[in-house]
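Visitor: Sharing a structure, written as structure tokens. Questions coming.
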Amino acid sequence: MKKISILGGDLRNINLVTLLAKDFDIVYTYGLEKAENLQKDEKVVSCRSLEELMNNTDVLIAPIPFSKNNIDLHMPFSDSKITIEEIIDKMKAKKIISGSIKQEIVKKAEDNHIEIIDIMKNESLAILNTIATAEGTIEIIISNTNKILQEEKILVLGFGRVGKILTNKLKMLNCNVTCATINKEELSWIRAYGYIPKDLHRLKEEYTNFDVIVNTIPSLILDKEKINFLKQDVLLIDLASAPGGVDKEYIKEKNIKFIHALALPGKVAPYTSAEFIKEAIYQEI
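With our numbering applied, the sequence shown closes on residue 316, and no number is skipped along the way.
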């Protein structure tokens, strides 16, 4: 059986250690020393150094995201710091599984004969993660508005994986939900599902009709022109990966409530997210 180890990461990786320990004789870790619950598990070995971890690794599960500053690995449960250059130098022809990895990092790894897999590109995982993203978004709406969901007029921008699941869950809660896209086929599906379809290019002044707007499109959608149509008390949520789909500076200038809700699966459902990641990892190895 391959030796598997986990380096750094957030609550998802901590839960992943516990899950993997049920299947492996030993799971080696480094950069998770602040996770006190792992210290009680006899099948979890906390390595004293990165070198010790590397000596007990065939497959390394790195942080998700791999890095937040493109310099150091993401290790919120450790006081240690490991640079991207250091981990690539020490891996020596092994396999890294991580997520949200910049292409230049992938290139460096491949140049050093390291197989690096971005698990967040696994289609099964991407679909399952939308469940937590949708539920986390609904939690944000409830916490940041003063009406019941059923009385809110909600606009979802985009009808991709996240847009589909979120709109479905909002509809099941009897929300007045509109979904906007530029894709004609998607507009037909929106109508077929019983949601209110809108052509994204023709919304313009209609933006003022909504109490909550959720963007799922990873490109600038809400620019200055469109923001000027928003109600002052609207709640604007952006689920798109950085830099997002909203002119943040102008939103701040207009004093509109705005939440850029990134990485919701790891925040609202770290255990379930870890289960999904484990399934995806097993598909890869």
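Think of the CB as a built atom: it goes at the ideal place given N, C-alpha and C, for glycine as much as any other residue.
Everything numeric in this text was worked out from a predicted model, so none of it was measured.
Check Ala193 in the structure and name its three-state DSSP category.
Guide: Looking up residue 193 in the sequence shown gives position 162. As written in the sequence, residue 193 is Val, which differs from the Ala given in the question. Reduced to three states, the DSSP call for Val193 is helix.
Visitor: Could you say if the segment 107-124 and the segment 136-154 meet the contact criterion of at least three C-beta pairs nearer than 8 Å?
Guide: In short, these stretches touch, since the Cβ pair count reaches three.
Visitor: Return the first residue and the last residue of the beta strand (DSSP E) that Val245 is part of.
Guide: Taking the sequence shown and counting its residues from 1, the one referred to as residue 245 is at position 214. Per DSSP, Val245 belongs to the beta strand (DSSP E) from 243-246.
Visitor: Put Asn160 into one of helix, strand or coil per three-state DSSP.
Guide: Within the sequence shown, residue 160 is the residue found at index 129, counting from 1. Three-state result, Asn160: helix.
Visitor: Using the C-alpha atoms, what's the distance from Ile227 back to Leu104?
Guide: Position 73 of the sequence shown holds residue 104. Position 196 of the sequence shown holds residue 227. Distance between the alpha carbons of Leu104 and Ile227: 43 Å.
Visitor: Run through the DSSP bridge pairs and tell me what Leu332 is partnered with.
Guide: In the structure displayed, the chain extends from 32 to 316; residue 332 sits before or after that span and is not available.
Visitor: Rounded C-beta distance between Glu170 and Cys206? I'm assuming under 8 Å.
Guide: Along the sequence shown, one-based indexing puts residue 170 at 139. Along the sequence shown, one-based indexing puts residue 206 at 175. Rounded, the Cβ-Cβ distance is 14 Å, inconsistent with contact.
Visitor: At a cut of 8 Å, does the segment 155-174 reach the segment 293-306 through at least three beta carbon pairs?
Guide: Judged by Cβ distances under 8 Å, the segment 155-174 makes contact with the segment 293-306, as three or more pairs qualify.
Visitor: Note down the Cα distance separating Glu306 from Leu218, rounded to an integer number of angstroms.
Guide: Counting from 1 along the sequence shown, the entry for residue 306 is found at position 275. Counting from 1 along the sequence shown, the entry for residue 218 is found at position 187. One C-alpha to the other measures close to 33 Å.
Visitor: Let's test the definition: count the other Cβ atoms within 10 Å of the Cβ of Arg46 and tell me whether it reaches 16, buried, or not, exposed.
Guide: One-based indexing of the sequence shown puts residue 46 at position 15. What sits at residue 46 in the sequence shown is Asn, not Arg. Asn46 is buried by the Cβ-count criterion.
Visitor: On the DSSP bridge list, what partners appear for Ala211?
Guide: Taking the first residue of the sequence shown as position 1, residue 211 is located at position 180. DSSP output for Ala211 lists Leu188, Lys229 as bridge partner(s).
Visitor: Pull up the distance between the alpha-carbon of Val243 and that of Leu253, whole angstroms please.
Guide: Looking up residue 243 in the sequence shown gives position 212. Looking up residue 253 in the sequence shown gives position 222. Taking the straight line from one Cα to the other gives about 13 Å.
Visitor: Report the residue from Val265, Lys283, Thr247, Ser109 whose alpha carbon sits nearest the alpha carbon of Ala273.
Guide: Reading the sequence shown from its first residue, position 242 is the one you call residue 273. Cα-wise, what sits closest to Ala273 is Thr247.
Visitor: Taking Lys200 as the reference, which of Phe55, Ala211, Ile185 has the closest Cα?
Guide: Here residue 200 is taken as the residue at index 169 of the sequence shown, counted from 1. Among Phe55, Ala211, Ile185, the Cα nearest to that of Lys200 is on Ile185.
Visitor: Express the C-alpha separation of Ala157 and Asn101 in angstroms, rounding to a whole number.
Guide: The residue given as residue 101 occupies position 70 in the sequence shown. The residue given as residue 157 occupies position 126 in the sequence shown. So the two alpha carbons sit approximately 23 Å from each other.
Visitor: Terminal residues of the continuous beta strand (DSSP E) containing Ile313?
Guide: For the purposes of this step, residue 313 is identified with residue 282 of the sequence shown, where counting begins at 1. According to the sequence provided, residue 313 is Tyr. The question's Ile does not apply to it. Per DSSP, Tyr313 belongs to no beta strand (DSSP E); it is in the alpha helix (DSSP H), 301-315.
Visitor: So, helix, strand or coil for Thr60, using DSSP?
Guide: Translated into the one-based positions of the sequence shown, residue 60 becomes position 29. Thr60 falls in the strand class under three-state DSSP.
Visitor: Let me know the secondary structure DSSP gives Ile179 once reduced to three states.
Guide: As a first step, residue 179 is located in the sequence shown; it is residue number 148 there, counting from the start. Residue state, collapsed to three classes: coil.
Visitor: For Asn44, is the classification buried or exposed, using 16 other Cβ atoms within 10 angstroms of its Cβ as the cut-off for buried?
Guide: For the purposes of this step, residue 44 is taken as residue 13 along the sequence shown, with counting starting at 1. Buried.
Visitor: Does DSSP put Glu73 in a helix, in a strand, or in coil?
Guide: Here residue 73 is taken as the residue at index 42 of the sequence shown, counted from 1. If DSSP states are grouped into helix, strand and coil, Glu73 belongs with coil.
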